[in-house]
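There are 2 protein chains.
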Amino acid sequence: MNYGIAIFPSKKVQDEANSYRKRYDPHYALIPPHITMKEAFEADENEIETKIIPELRKIANETAPFSFGVYKVSSFSPVTNTIYLKVEPSDEIFELNDKLHSETLPGEKDFAFVPHITIAQKLSDEEFSDVFGSLSMLKFDLQDDVDRFQLLYQLENGAWSVYETFRLGGE
Amino acid sequence: MNYGIAIFPSKKVQDEANSYRKRYDPHYALIPPHITMKEAFEADENEIETKIIPELRKIANETAPFSFGVYKVSSFSPVTNTIYLKVEPSDEIFELNDKLHSETLPGEKDFAFVPHITIAQKLSDEEFSDVFGSLSMLKFDLQDDVDRFQLLYQLENGAWSVYETFRLGGE
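Shown next as structure tokens:
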């Protein structure tokens, strides 16, 4: 089964992201707006229950809640035509990302972590120029608090279903 | 904000339900296949954190994990044209539903609880006859285990985002 780990921002930020995603992101219907903390990885149910979930609980307990800001749009161009709300980096989110990629957990970290909320992807080059041209002019002033992350699994239709919540800073 | 409480069945059952939902359920993109345990209710974030989540934790701790079977399709016709996978009733799921509708939690229980996984809704009368005519011939033999329920909130686009997981039988 495919698993992944994400942070879902508050309703306010999700609603803002969805106002763009509904037009520009073909994954709009597969998962709510999110910050990917760990890309899809393969695991079986036994491994998830006996090894991965206990480790994620430990990581969550050791991690204090933190905040982030969203002020502008950025893109992964020319690598991909993905456009995203840039999550203003904080030490905490990088530390959490590091912990989620320790050797005790499956899954590789293929590239440097850029915390972001995708709002457009799989655009043609022409669409990308148009859309990024207008979105990159926007200014945002969103502040959000993170006090949890979620373990999800992927259904056959590509959609993601939340399996478990991990509260930061313990219960 | 609108909140609701649902049980998400295993991937196996969700995939089966989605094979029908993608054709017949306009809510396909808004939430993965689920058993509604408490209909949408209004609450503010403070009430959720200080009153409702502690109560849900208590309920989850007091409730043992249970199993259910899915053997056939049924419908709410003539009240609505909703078609669903019938969740073979067990005492446990009714007890959990009762606890989730105690006076300590907001939200009313408007009608008798019929545990189900919706696979078709908002069909015209003619579509309903056709679709229910063929689906009601199907036989299923699905067994599933429930060891958690989830608190969700609703986004402006109507989609549901999971806020927190509650494991049955405590940690």
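Quick note, the sequences are listed as chains A and B, same order.
Each step along the first sequence adds one to the number in my numbering, with nothing skipped, and position 107 is 108.
Each step along the second sequence adds one to the number in my numbering, with nothing skipped, and position 19 is 20.
Each residue gets a CB set at the ideal place from its N, CA and C atoms; glycine is no exception.
Review point. Does the beta-carbon distance from A/P34 to A/P10 come in below 8 Å?
Key: In this structure, A/P10 lies closer than 8 Å to A/P34 by Cβ.
Check your understanding: Between which two residues does the alpha helix (DSSP H) carrying A/V173 extend?
Key -> There is no way to answer for residue 173 of chain A, as the model of chain A reaches only from 2 to 172.
Review point. So what does DSSP say about A/Y164, is it helix, strand or coil?
Key: It is a strand residue.
Practice item. Give the residues of chain A in contact with B/F114, contact being defined as C-beta atoms less than 9 Å apart. Key: Listed along chain A is no residue with a C-beta nearer than 9 Å to that of B/F114; the closest approach is about 23 Å.
Review point. Can the beta-carbon of B/I84 be found closer than 8 Å to that of B/I120?
Key: Going by beta carbons, B/I84 and B/I120 fall inside the 8 Å limit.
Point to revise | Coil, strand or helix - A/L169 by DSSP | key: Of the three classes helix, strand and coil, the one that applies to A/L169 here is coil, per DSSP.
Check your understanding: Looking at the structure shown, is B/N62 part of a helix, part of a strand, or coil, going by DSSP?
Key -> Three-state result, B/N62: helix.
Review point. Does the segment 2-9 of chain B touch the segment 150-168 of chain B, meaning 3 or more C-beta pairs lie closer than 8 Å?
Key: Enough Cβ pairs lie closer than 8 Å, so yes.
Point to revise | Continuous alpha helix (DSSP H) stretch holding A/L97: start and end | key: Counting along the chain, A/L97 sits inside the alpha helix (DSSP H) bounded by residues D92 to K100.
Check your understanding: In or out: B/F112 buried (at least 16 other Cβ within 10 Å) or exposed?
Key -> B/F112 counts as exposed, since fewer than 16 other beta carbons sit within 10 angstroms of its beta carbon.
Exercise for review: Mind checking which residues open and close the beta strand (DSSP E) that includes B/F150?
Suggested key: Counting along the chain, the beta strand (DSSP E) containing B/F150 begins and ends at R149 to Q155.
Exercise for review: For the segment 160-172 of chain B and the segment 140-148 of chain B, state whether three or more C-beta atom pairs, one from each stretch, are separated by less than 8 Å.
Suggested key: Short answer: they touch.
Exercise for review: Please compile the residues from chain A whose C-beta is within a distance smaller than 7 Å of the C-beta of B/M2.
Suggested key: The answer, in chain order, is K12.
Practice item. Give every residue of the same chain whose Cβ lies closer than 6 Å to the Cβ of B/V71, excluding the five residues on either side of it in the sequence, and list them in chain order. Key: Cβ neighbours of B/V71 beyond the five flanking positions: L86, F141 and L143.
**Study point:** CB of A/K39 within 8 Å of CB of A/L139, strictly
**Key:** In this structure, A/L139 does not lie closer than 8 Å to A/K39 by Cβ.
Practice item. Using a Cβ-Cβ cut-off of 8 Å, state whether A/A41 counts as contacting chain B. Key: It does not: the Cβ of A/A41 has no partner Cβ on chain B nearer than 8 Å.
Review point. B/D45 CB to nearest chain A CB: under 8 Å?
Key: False, the Cβ-Cβ gap to chain A never drops below 8 Å.
Review point. What is the DSSP secondary structure of A/F133, reduced to helix, strand or coil?
Key: Collapsing the DSSP output to three states places A/F133 in a helix.
Check your understanding: Residues in the segment 148-171 of chain A with C-beta within 7 Å of chain B's C-beta atoms, listed in sequence order?
Key -> Answer set for the segment 148-171 of chain A: Q151, Y154, L156, E157, N158, A160, S162, V163, E165 and T166.
Check your understanding: What does A/E43 pair with, by DSSP beta-bridge criteria?
Key -> Note: A/E43 sits in a beta bridge opposite A/N3.
Point to revise | Where A/D16 meets chain B, residues with beta-carbon distance less than 8 Å | key: The contacting residues are L156, E157 and N158.
Check your understanding: Between B/R126 and the rest of its own chain, which residues show a CB-CB distance below 8 Å, the 5 nearest in sequence each way excluded?
Key -> The residue asked about is misnamed: residue 126 of chain B is Asp in this sequence, not Arg. Closer than 8 Å at the Cβ level, and outside the excluded window around B/D126, lie N82.
Review point. Under three-state DSSP, which class holds B/D145?
Key: Strand.
Practice item. Using a Cβ cut-off of 8 Å (strictly closer), state whether A/Y62 contacts chain B. Key: Sequence inspection shows Asn at residue 62 of chain A; the Tyr mentioned does not correspond to that position. With 8 Å as the cut-off, A/N62 does not count as an interface residue toward chain B.
**Study point:** Cβ pair A/I32, A/W161 closer than 8 Å
**Key:** For the 8 Å CB-CB criterion, A/I32 and A/W161 form a contact.
Review point. What do you reckon, are the CB atoms on A/F69 and A/E89 nearer than 8 Å?
Key: By the CB criterion at 8 Å, A/F69 and A/E89 fall inside the cutoff.
Check your understanding: Can you find a CB in chain B that lies within less than 8 Å of the CB of A/A121?
Key -> With 8 Å as the cut-off, A/A121 does not count as an interface residue toward chain B.
Exercise for review: Taking only beta-carbon positions, decide if A/F67 is within less than 8 Å of chain B.
Suggested key: No - not a single Cβ of chain B is within 8 Å of the one on A/F67.
Point to revise | Cα-Cα separation, B/P79 to A/N158 | key: Cα to Cα, B/P79 sits roughly 31 Å from A/N158.
Review point. Going straight from the alpha carbon of A/D131 to that of A/Q122, what length do you get?
Key: Roughly 13 Å between the two C-alpha positions.
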